[in-house]
Amino acid sequence: MNHLEDSRLSAMWRGLGYLTGSLVAAGVALFALPVLVVPATARAWASWHRRRAGRLLLSPCSGPVSVGTRRVLGWLCAGVVTGLAFGLVVVLCAGNAVATAVTVPLWWALPAGTRAGGFAAGVPLSGWGTALTLGTAQFVVFAALTYWLVPPLARLHARICVALLSPSTAERLAQRVETLTETRAGAMNAHGAELRRIERDLHDGTQARLVAVAMRLGVARELLGEDPGAVAGLLEEAHVGTEEAMAELRAVIRTIYPPILADRGLAGALAALGARSAIDTALDIGGLGTVPAAVEAVAYFTIAEALTNAAKHSRATRATVRVARAGDRLSIEIGDDGVGGADETRGTGIAGIRHRVLALDGTLRVHSPVGGPTTIAVSLACGS
Numbered sequence: 007m008n009h010l011e012d013s014r015l016s017a018m019w020r021g022l023g024y025l026t027g028s029l030v031a032a033g034v035a036l037f038a039l040p041v042l043v044v045p046a047t048a049r050a051w052a053s054w055h056r057r058r059a060g061r062l063l064l065s066p067c068s069g070p071v072s073v074g075t076r077r078v079l080g081w082l083c084a085g086v087v088t089g090l091a092f093g094l095v096v097v098l099c100a101g102n103a104v105a106t107a108v109t110v111p112l113w114w115a116l117p118a119g120t121r122a123g124g125f126a127a128g129v130p131l132s133g134w135g136t137a138l139t140l141g142t143a144q145f146v147v148f149a150a151l152t153y154w155l156v157p158p159l160a161r162l163h164a165r166i167c168v169a170l171l172s173p174s175t176a177e178r179l180a181q182r183v184e185t186l187t188e189t190r191a192g193a194m195n196a197h198g199a200e201l202r203r204i205e206r207d208l209h210d211g212t213q214a215r216l217v218a219v220a221m222r223l224g225v226a227r228e229l230l231g232e233d234p235g236a237v238a239g240l241l242e243e244a245h246v247g248t249e250e251a252m253a254e255l256r257a258v259i260r261t262i263y264p265p266i267l268a269d270r271g272l273a274g275a276l277a278a279l280g281a282r283s284a285i286d287t288a289l290d291i292g293g294l295g296t297v298p299a300a301v302e303a304v305a306y307f308t309i310a311e312a313l314t315n316a317a318k319h320s321r322a323t324r325a326t327v328r329v330a331r332a333g334d335r336l337s338i339e340i341g342d343d344g345v346g347g348a349d350e351t352r353g354t355g356i357a358g359i360r361h362r363v364l365a366l367d368g369t370l371r372v373h374s375p376v377g378g379p380t381t382i383a384v385s386l387a388c389g390s
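Residue numbering for the sequence shown follows this note's numbering, starting at 7 and increasing by one per position.
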């Protein structure tokens, strides 16, 4: 059997299973109609059908149905009609093929005096010649109908389901606008919090040190002609204070946009980040091409925060970082061998990562079961 025949046979079996399930579901829906018309129940029922249809079409449809209640109830009616109609085709074709293959030999196995009569293709069976000829012909016809008819019918049913239960263009646009509004609000809040943090760091750190330097220089100026030794000590203290203020200022600048990104690009910056990570970090960086500066910054801070979380909260000893470009998307995956159990609500830094990612219309997935391991997957739009 070649690959094409194998795939067709697989499609037939999957279609048989799908349409049989749809037939059973349609029968259940007829008897449970008063329950299924309740909006919450109807949505759960529709979501289950949509997931089944997505699996058959090899296009997974995850998440609950987001269309209006009227469309959900419309699918409830259409699902019953198409499920019964297409399911009966399965019963007619596959059922007759199986019945012919089983009943004709069994009928001839009965003692001659107990046979009440048998038919194949509507013709009475009067002997083995008739049975073998007509029975084989009937089996071949219904088996061929099953082989060629069931897969397209199953796909048609699945496409009807997905079409009715997937958002229209207008609904997708409305959902898109709502999502962008929410992410914009989150980005604005995160931006405000970032500005307050920078102001606090400059006020409490750099500014305080510069004030101390200015005071020492002022005292040194007053003592300039009176106590050269004291002036030298004050100037030394002012020099040290200036260096400390510059170090703090550089640290603040790195939290805004790391200079290493401009100097060495994202790949070089990540190599340096992995080298100074508190845990053993393996990097796998593909060809990234030209990445916008904003995307580079989000990618850098996302990986830096994830590695910090792995060392501080997850008690990990090893982490892996994979960064690759696929078309106009930058894919990032960070994994660690820690204890897992990361909770976004407990201040583990994931909320900050999410705000940064959503601000660039990206996606974030976190898989961190208790006991580990933890995997963080990020996808960012970075242009073509």
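Ideal Cβ placement from N, Cα and C applies to all residues, glycine included. Predicted model only: the values in this text are computed from it and were never measured.
Query: Of the residues GLY85, VAL372, LEU82, LEU94, the one placed nearest ALA316, counting alpha carbons only; Result: VAL372
Query: Rounded straight-line distance, which links the Cα of VAL95 to that of PHE145; Result: 15 Å
Query: Same chain, Cβ closer than 7 Å to VAL225, neighbours up to 5 away in sequence not counted; Result: LEU240
Query: Straight-line Cα distance separating ILE340 from GLY378; Result: 13 Å
Query: Euclidean distance between Cα positions of LEU276 and GLU350; Result: 24 Å
Query: Short Cβ contact (9 Å threshold) for PHE92 with LEU159; Result: yes
Query: Nearest to ALA150 (by Cα), restricted to the options PRO264, ASN102, ALA365, LEU366; Result: ASN102
Query: Per-residue DSSP class, three states only, for LEU336; Result: strand
Query: Range of the contiguous alpha helix (DSSP H) that encloses LEU366; Result: Run containing LEU366: none; DSSP gives neither H nor E here.
Query: Sheet register partners of GLY341 (DSSP bridge); Result: THR326, THR381
Query: Closest Cα partner of GLY346 within the set VAL327, ALA365, CYS167, SER374; Result: SER374
Query: MET252 classed as buried or exposed, judged by whether at least 16 other C-beta atoms fall within 10 angstroms; Result: exposed
Query: Selected residue, minimal CA-CA separation from ALA48, among PRO66, GLU205, ALA284, SER72; Result: SER72
Query: Same chain, Cβ closer than 6 Å to ALA107, neighbours up to 5 away in sequence not counted; Result: PHE145
Query: Nearest-angstrom Cα separation, counted from MET221 out to VAL363; Result: 44 Å
Query: Exposure of THR296, with buried meaning 16 or more beta-carbon neighbours within 10 Å; Result: exposed
Query: Neighbourhood of ARG331 by C-beta distance below 7 Å, restricted to the same chain and skipping five residues each side; Result: GLY292, GLY293, LEU294, GLY295
Query: Three-way DSSP call (helix, strand, coil) for ALA387 in this model; Result: strand
Query: Cβ-based neighbour list, THR120, same chain, cut-off 7 Å, excluding 5 preceding and 5 following; Result: Because THR120 sits at a pLDDT of 43, beneath the cut-off of 50, its placement in the model cannot be relied upon, and the point is left open.
Query: Neighbour-count burial assignment, TRP81, 16 or more Cβ in a 10 Å radius; Result: buried
Query: Neighbour-count burial assignment, VAL237, 16 or more Cβ in a 10 Å radius; Result: buried
Query: Simplified DSSP state of ASP210, which is helix, strand or coil; Result: helix
Query: Those residues which DSSP pairs with ALA143 across a bridge; Result: Answer is none; ALA143 lacks a bridge partner.
Query: Outcome for PHE37 when other beta-carbon atoms lying within 10 angstroms are tallied against a minimum of 16; Result: exposed
Query: Cβ neighbours of TRP51 in the same chain (closer than 6 Å, five flanking residues each side left out); Result: LEU42
Query: When PHE307, TYR306, ASP342, LEU267 are compared against THR287, the one with the closest alpha-carbon; Result: ASP342
Query: HIS55 and LEU171 closer than 9 Å at C-beta; Result: yes
Query: GLY280 versus ALA31: straight-line alpha-carbon distance, rounded; Result: 53 Å
Query: Pairwise C-alpha distance: GLY21 and ARG76; Result: 28 Å
Query: Residue interval of the beta strand (DSSP E) (run including THR287); Result: 286 to 291
Query: Closest residue to ALA365 among GLY355, VAL301, ASP233 (Cα-Cα distance); Result: VAL301
Query: Whole-angstrom distance between VAL258 and ARG57, CA atom to CA atom; Result: 48 Å
Query: For LEU62, the nearest candidate out of ALA17, CYS99, GLY211, PRO45 (CA to CA); Result: ALA17
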